[in-house]
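For the sequence shown, counting from 1, position 394 maps to 410 in the working numbering; every step adds exactly one.
Written out below as structure tokens is the structure these notes cover.
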Amino acid sequence: MSAALRIAREEWRLLRRDHVAVLGLALLLLLTAVAAFTAWEQRRTADAERSRHQAQVDHEFEAQPDRHPHRMVHYGHFVFRPLNPLAAFDSGVDAYTGHTLFLEGHRQNSANFGDVRQSSLLLRFGQLTPAFVLQVLAPLLLVFVGHAALARERESGTLRVLLAQGVRPWQIVAGKVLALGGVAAAALLPALLALLWIGATTPVPASLAAALAAGYGLWLLIWAVGIVGLSAWFARGRDALVALLAIWAIGVVLVPRLAPELAASALALPTRLETDIAVAHDLAALGDSHDPDDPYFAGFRKKVLAQYGVARVEDLPVNYKGLLGMEGERLTSALFERYAGAGFERQAAQLRLVDGAALLSPVIALRRLSMAAAGTDLQNYRRFVEQAERHRYRLVQALNRLQAEKLSFAGDRSSRDSRIGHDHWHGVADFRYEAAAPAEALRRAAPAAGVLLLWLAALAGLLALATRRLGRITR
17 MSAALRIARE
27 EWRLLRRDHV
37 AVLGLALLLL
47 LTAVAAFTAW
57 EQRRTADAER
67 SRHQAQVDHE
77 FEAQPDRHPH
87 RMVHYGHFVF
97 RPLNPLAAFD
107 SGVDAYTGHT
117 LFLEGHRQNS
127 ANFGDVRQSS
137 LLLRFGQLTP
147 AFVLQVLAPL
157 LLVFVGHAAL
167 ARERESGTLR
177 VLLAQGVRPW
187 QIVAGKVLAL
197 GGVAAAALLP
207 ALLALLWIGA
217 TTPVPASLAA
227 ALAAGYGLWL
237 LIWAVGIVGL
247 SAWFARGRDA
257 LVALLAIWAI
267 GVVLVPRLAP
277 ELAASALALP
287 TRLETDIAVA
297 HDLAALGDSH
307 DPDDPYFAGF
317 RKKVLAQYGV
327 ARVEDLPVNY
337 KGLLGMEGER
347 LTSALFERYA
357 GAGFERQAAQ
367 LRLVDGAALL
377 SPVIALRRLS
387 MAAAGTDLQN
397 YRRFVEQAER
407 HRYRLVQALN
417 RLQAEKLSFA
427 GDRSSRDSRI
437 GHDHWHGVAD
447 FRYEAAAPAE
457 ALRRAAPAAG
467 VLLLWLAALA
477 GLLALATRRL
487 GRITR
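Here it is in structure tokens:
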């Protein structure tokens, strides 16, 4: 091992004399630091703005004057998705999904104001975050720095000299991997400092920050092992460089872009228009609460009358219009949840197809791990939408219940003439998003971590074969 350390030190000394390598590493470190600062500032600003808007709409909802409860159902309310602190490290799908939901009765609206829809198309190529720098640019730097690690020794003839001096092939290879791993560690350092800063300034679970650090450390180690292994297979450094650049372009750029498109073609989502038509058709099949002769709601009226033991809705101790609103909301909400759940399951199936491409491109597995740990994956977005929908349902039903209990059926002629006190709105619309437990995020990240470990094991096997081949070639 001492021979491997000496070889690694010599490799580092050579890299220090290479001005291009030093400049490239310095630029990468600077870019990572800038990305961490700008992403953190953007995340802090966006979260503060959403909190301010949430407080504003909460105040405006509670400041409404005396109204009919059903007017408040249609007045609606806004909820804003809070940002996970680790979104400053990896923004995930946040730029592609909306963050603002309008909650109203009889409808389930989609989230709006995604950053991609409001920005230039350049944003689709990736936001400048520490995750983007480590996923895309750091491997490219390692390729330029380490492509000739062993090919250079063979071209110059120093490999035979080292072996003649009694240095074993595995010691040479280990020294090269250690040297390139040191460069990878230096590239990872600003991101680790960014994670420490995020953890020091916001309540971030240590297990999730550690999972991010371990995932990206494993990612760069995969590249270090693979680069040295491929350098051992080629007799010339430029051949190794061309091969590694092709692997980077295919594995980091092409496959991650192509896989989602293929998954979307294989399991296409219905368009917004198709979904609206299907929902409208099913809503019509549920029945019309405004039609006294509608079969379903006629049966509901009979059931309510039998429950209270009266013959007419005018004799009910509660307002039948409020009960009708509650039943209609129950039916439509169940329908909305079914369509929303089917849409999310379809997207999950698409993601499973994309995950299969991780066998061709480990960056796909890394992104899954990174977004799960950072709380910016599709599952967290779904969690927000479903919690907001449950809140919408409770809000609307609470207002319908007020109509049933606070207004009489005889006096409930119009929403303009029949009103209740505005104090009934206080606290009704408050929304509190509950983030997933760290254990759940780690559980979702575990399969992706397993794929990365498989890649490391496979490349370590390739490196072992290249090491034996190296010894035979130089005899």
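Note that CB positions come from ideal geometry on N, CA and C, so glycine has one too.
Excluding the 5 residues flanking it on each side, Arg317 has same chain C-beta neighbours closer than 7 Å at Val329, in chain order. Between the C-alpha atoms of Phe313 and Gln403 there is a straight-line separation of about 29 Å. Going by C-alpha positions, Thr348 is about 7 Å away from Leu299. The three-state secondary structure of Thr217, taken from DSSP, is helix.
In the structure shown, Thr291 falls within a helical segment according to DSSP collapsed to helix, strand and coil. The region 43-56 makes contact with the region 91-108: 3 or more CB pairs, one atom from each, lie closer than 8 Å. By the Cβ-count criterion, Ser434 is buried, with 16 or more other Cβ atoms from all chains shown falling within 10 Å of its own Cβ. Assignment of Glu450 by DSSP, reduced to helix, strand and coil, places it in the coil class. Judged by DSSP secondary structure, His93 falls within the beta strand (DSSP E) whose first and last residues are 93-96. Proximity of the region 374-394 to the region 412-424 falls short of the contact definition, fewer than three beta-carbon pairs being nearer than 8 Å. In the same chain as Leu418, and ignoring 5 residues on each side of it, the C-beta atoms closer than 8 Å to its own belong to Pro85, Gly338, Ile436, His440, in chain order. The three-state secondary structure of Thr116, taken from DSSP, is strand.
For Asn335, there is no enclosing alpha helix (DSSP H), as DSSP marks it with neither H nor E. When secondary structure is reduced to three states using DSSP, Arg83 falls in the strand class. DSSP, read as helix, strand or coil, puts Arg435 in coil. For Asn128, there is no enclosing alpha helix (DSSP H), as DSSP marks it with neither H nor E. Taking every protein chain shown into account, the CB of Ile293 has fewer than 16 other CB atoms within 10 angstroms, so this residue is exposed.
A straight line joining the alpha-carbon of Trp264 with that of Pro155 spans about 8 Å. Less than 8 Å separates the beta-carbon of Ala248 from that of Val189. Rounded to whole angstroms, the separation of the alpha carbons of Ala201 and Pro146 is 14 Å. Assignment of beta-bridge partners to Arg123 by DSSP yields Glu120. A buried status is given to Gln366, since no fewer than 16 other beta-carbon atoms sit within 10 Å of its beta-carbon. Within a 10 Å sphere around the beta-carbon of Val244 sit 16 or more other beta-carbons, which makes this residue buried. Counting of Cβ neighbours within 10 angstroms places Asp82 among the exposed residues, the total staying below 16.
Take Ile238, set aside five residues on each side of it, and the residues of its chain with a beta-carbon closer than 8 Å to its own are Pro378, Leu468, Trp471, Leu472, Leu475, in chain order. Separation of the CB atoms of Val109 and Asp393 is rounded to 6 Å, and the pair is thereby assigned contact status at 8 Å.
A Cβ-Cβ separation of about 6 Å places Ala203 in contact with Leu157 under the 8 Å criterion. Secondary structure in the region 138-226: the alpha helix (DSSP H) runs of 4 residues or longer, each lying completely within the stretch, are 154-162, 167-172, 174-180, 185-217 in chain order.
The closest CA to that of Ala461, considering only Ala381, Tyr409, Arg398, Gly477, is found on Ala381. For His306, the three-state secondary structure derived from DSSP is coil.
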